[in-house]
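Asks: Have a look at the structure that comes next, please.
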Amino acid sequence: MSNLSLFLGCVAPNRYPGIEAATKKTFSKLGIELDDLEGASCCPAPGVFRSFDKTTWLTLASRNIALSEEMDDDLLTICNGCYSTLKEAETELKKDSGLKKEVNEKLFETGHEFRGKHDVRHIIEYLYQDIGVDGIREMVSNPLDLRVAVHYGCHLVQPLKENDSELVTDHITFFDELVEATGARSVEYEDKMMCCGAGGGARAAVQDATLRITEKKLQNMTEAQVDCIVNACPFCHLQFDTGQQDINKNSCTNYEIPVLHYTQLLGLAMGFSSEELGINLNSTDTAVFIQRIKEGFVTA
Amino acid sequence: MISNIERCYQCGQCTSVCPMGEQEQTYRIRRFLQMEKLGLESEESMITPFIFYCTTCYKCQDNCPQGVNLVDAVLAIREKAVHKGKMLEAHKKVGQMLINYGHAVPTNADAMEKRALLGLDERPPTVQASIEGLSEIKTLMRLTGFDNLVAESKVETIPENTTMVQQACFTQQQAAEEKA
Ligand code: SF4
Ligand code: SF4
C-alpha cells in the first residue's frame, strides 16, 4: 500500500494501455506501488461534460475523489484532462461547503462521501515535487540520447496556474527538466505551448479543424528535428499519434514522429524495453525508433 | 456559473490568438461573448453549434488584458445551449457512452488484446470491471438528470459551408499527369 491511487481515466486504459503499464513499472522501480482505484469512472472529461451539466460533472468527479480518499490516498492522474476535472472539482468543493453538502447528498445514495482531506496530483507535478529531478536522474540506468519535443498540454498548466503553483513561472521548465533528467534533450520549437488541438470536445465536433492545429505543431516539431514527442496526457497522445495518420492521408504528408507519454520515456531510461512499455502499440510506426533504442541509441 | 464577461471591453485580443479561430472563420470568441453579454437570444443560432468548437486551450484567457475568464464563459454558454436541448451529434454520442459504460471512451477488442500483451488485466480495474461501480454512477446520473438531458436533446448539425475544404492529396504521379 502506498499513499497514492492511480486514476486511469478513459483513453489510457482503453486506447493506450502502454501508458498504464509504463506508469506502474516506473513507479514500482521508484519503490512506489500504486493502488488501483476499483470502480472509478470517466473523470468526467472537462470540456464536454462540464459544459453539458456542471452538477453531473461535479458529482461524478467527487465520487472518483471519494474512492481515493476511502483508501486514504492522494489521487494520481496520468492525464491532463482528468487533472483539470479532478483538481478543479476538488478545489471548488474544498472552498464551498454548501456545494460540498449538495454533492454529498447525492453521493450518500451510493455510499460514498467527499471529505476533502486528500489531494489530486498530476504525475508530472508529483514526480517533479516529490521525487525531484535529481531523484529521477539517480534512477536512470540507460541515459537517452534523444532530441525531444516536449508537449505540456493546456490542462496541465492551467490547473497549476489556478492553484498558484510555483511551477508556473513566466518561463515554465518543470516538464523539460524531468525530460532532461533521462539524458534526453528538450528541443525548443515554435509555439511549444500551443494546444494539440483536441481538447474541449473539439476533436469530436470538428475533427478536421483540430487536425490542422495539430499539423502546425507537427510542422514546428519537424523543423526542430526531433526524435520523438513526449506528452503528459493520453488525449494529446491520441491526437498526435492517430492524428499523424489522418493528416498523412488527407494532406499527402509523411509525418512519422513517435509519440511517448513521459512514463514511457522514463521507462526506457530505466532500462525497460519498448515492448514492455507499449511504445510499439502506437498507430504511428515506431519500428525505426525502437530499433535505434535497441542498438544503443543511448549514451551509456 | 462564475463568469465575469462584463469586464470585457471588446478589444479582440482573445480572438486574435485563438487557434480555432484561425482554422474556422465562424469561430469568433469575442463576438460570442458580446452576444452573450447583450443577451441577443435571437442571434442564438449564430452561437450554436459554433460555440462547441473551442478546444479550451486558454490562449484567449492568457491574452486578455481585462482578466476575463473566457473559458468559463464558453462553458457556461454551452451549458445553456445544452439545457435548451441543443447538442452536437458527436457530443450526444459521447454522453451516451458515459451513461452506458461510465467511460467517454470505453474499451474494445483491440484494447483488450493490447492490455493482455502488456500483462495487464483485459478489462481495466475501473467501472469497466465493476458492475457495482457502474450501477453507482448510473444512480448518480439519474439523480442529476443527466440521462434525460442527453436523451431529450435534439441534435444540432454543423452547417455544410463550415466543414473543411478537403485538401487535395496528389501523389507525385497525379501531379505529373496534371502538368502533362
Ligand atoms: S481580450 Fe478580453 S477584453 Fe478583449 S475582447 Fe477578449 S474578452 Fe474582451
Ligand atoms: S480557449 Fe477556446 S476560445 Fe480561447 S483561444 Fe482556445 S480555442 Fe479559442
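Residue numbers (the UniProt record's numbering), protein chains in the order written: chain A, 1 to 300; chain B, 1 to 180.
Note that CB positions come from ideal geometry on N, CA and C, so glycine has one too.
Remember, it's a predicted structure, so these values are computed and weren't measured experimentally.
(1) Using DSSP's beta-bridge definition, name the partner residues of Ile229 (chain A).
(2) Using a Cβ cut-off of 9 Å, which residues of the region 119-142 of chain B contact any Cβ in chain A, in chain order?
(3) Quick one: residues in its chain with C-beta nearer than 7 Å to the C-beta of Asn4 (chain B), no 5 flanking neighbours on either side, listed in chain order?
(4) Are Ile293 (chain A) and Ser274 (chain A) closer than 8 Å when you measure CB to CB?
(5) Given that Asp246 (chain A) touches chain B, what residues does it touch there, using C-beta distances under 7 Å?
(6) List the residues of chain A whose Cβ lies closer than 7 Å to the Cβ of Ala90 (chain B), in chain order.
(7) At a cut-off of 7 Å, is Ala51 (chain B) close to ligand 2 when judged by its beta-carbon and the heavy atoms of the ligand?
(8) Run the proximity test for Gly21 (chain B): is its beta-carbon closer than 7 Å to any non-hydrogen atom belonging to ligand 4?
(9) Do you know offhand how far Glu70 (chain A)'s Cα is from Leu6 (chain A)'s?
(10) Is there a Cβ from chain A that is less than 8 Å from the Cβ of Ala73 (chain B)?
(11) When the cut-off is 8 Å and only beta carbons count, does Thr56 (chain B) lie next to chain A?
(12) According to DSSP, simplified to helix, strand and coil, what is His122 (chain A)?
(13) What whole-angstrom Cβ distance do His237 (chain A) and Tyr83 (chain A) have, given they're in contact under 8 Å?
(14) Any heavy atom of ligand 1 closer than 7 Å to the Cβ of Tyr58 (chain B)?
(15) For Gln225 (chain A), is the classification buried or exposed, using 16 other Cβ atoms within 10 angstroms of its Cβ as the cut-off for buried?
(16) With hydrogens ignored, establish whether the beta-carbon of Val68 (chain B) is closer than 7 Å to any heavy atom of ligand 1.
(17) Tell me, please, whether the region 53-67 of chain B touches the region 225-235 of chain A by the rule of three or more beta-carbon pairs shorter than 8 Å.
(18) Closest to Phe32 (chain B) by CA distance: which of B:Cys14, B:Pro19, B:Gln23 is it?
(19) Starting from the C-beta of Gln96 (chain B), find all residues in its chain whose C-beta is less than 7 Å away, skip the five residues before and the five after it, and write them out in chain order.
(20) Under three-state DSSP, which class holds Thr85 (chain A)?
(21) Given that Glu69 (chain A) touches chain B, what residues does it touch there, using C-beta distances under 8 Å?
(22) Start and end of the alpha helix (DSSP H) containing Leu75 (chain B)?
(23) Reducing DSSP to helix, strand and coil, say where Glu295 (chain A) ends up.
(24) Are the Cβ atoms of Leu268 (chain A) and Leu277 (chain A) separated by less than 8 Å?
(25) So is Thr77 (chain A) buried or exposed if we call it buried at 16+ other beta carbons inside 10 Å?
(26) Return no unless some Cβ of chain B is closer than 8 Å to the Cβ of Asp130 (chain A).
(27) Using a Cβ-Cβ cut-off of 6 Å (strictly less than) and excluding sequence neighbours within five positions of Ala81 (chain B), which residues of its own chain qualify?
(28) Would you mind working out which of B:Pro19, B:Asp72, B:Lys154, B:Gly12 sits nearest Glu89 (chain B), comparing C-alpha positions?
(29) Check whether the Cβ of Met20 (chain B) lies closer than 8 Å to any Cβ atom in chain A.
(30) Since Phe146 (chain B) meets chain A, which of its residues come closer than 8 Å, beta carbon to beta carbon?
(31) Using only CA atoms, which one of A:His151, A:Lys216, A:Leu60 lies nearest to Cys42 (chain A)?
(32) How about Cys14 (chain B): is its Cβ closer than 7 Å to a heavy atom in ligand 1?
(33) Assuming Lys216 (chain A) contacts Asp191 (chain A) (C-beta within less than 8 Å), just tell me the rounded distance between them.
(34) If you check the beta carbons only, do Gln244 (chain A) and Tyr255 (chain A) fall under 8 Å apart?
(35) Which parts of the region 37-121 of chain A are runs of the beta strand (DSSP E), unbroken and 3 residues or longer, counting only runs that do not cross its ends?
(36) Roughly how many angstroms separate the alpha carbons of Lys29 (chain A) and Val133 (chain A), rounded to a whole number?
Replies: According to the structure shown:
(1) A:Ala149, A:Val259
(2) Gly119, Leu120, Arg123, Pro124, Pro125, Thr126, Val127, Gln128, Ala129, Ser130, Glu132, Gly133, Leu134, Ser135, Glu136, Ile137, Thr139, Leu140, Met141
(3) So the qualifying residues of the chain are Val68, Asn69.
(4) yes
(5) Residues of chain B passing the Cβ test: none, with the nearest at roughly 12 Å.
(6) Ala204, Ala205
(7) Per the sequence shown, residue 51 (chain B) should be read as Ile rather than Ala. The answer is no for Ile51 (chain B).
(8) This structure lacks ligand 4; its bound ligands are ligand 1 and ligand 2.
(9) 13 Å
(10) no
(11) By this cut-off, Thr56 (chain B) is an interface position.
(12) strand
(13) Contact flag wrong, Cβ pair sits at about 14 Å.
(14) no
(15) Using a 10 angstroms sphere on the CB of Gln225 (chain A), the tally of other CB atoms stays under 16, which defines it as exposed.
(16) Yes, Cβ of Val68 (chain B) sits closer than 7 Å to a heavy atom of ligand 1.
(17) no
(18) B:Cys14
(19) Val150, listed in sequence order.
(20) helix
(21) Within 8 Å Cβ-Cβ: nothing; Glu69 (chain A) doesn't reach chain B, min ~15 Å.
(22) 70-83
(23) coil
(24) yes
(25) buried
(26) no
(27) Around Ala81 (chain B), the same chain offers Thr48 as residues with beta carbons nearer than 6 Å, after the five sequence neighbours per side are excluded.
(28) B:Lys154
(29) yes
(30) Phe52, Asp53, Thr56
(31) A:Leu60
(32) yes
(33) 7 Å
(34) yes
(35) The beta strand (DSSP E) runs lying completely inside the region 37-121 of chain A and spanning 3 residues or more are 74-77, given in chain order.
(36) 16 Å
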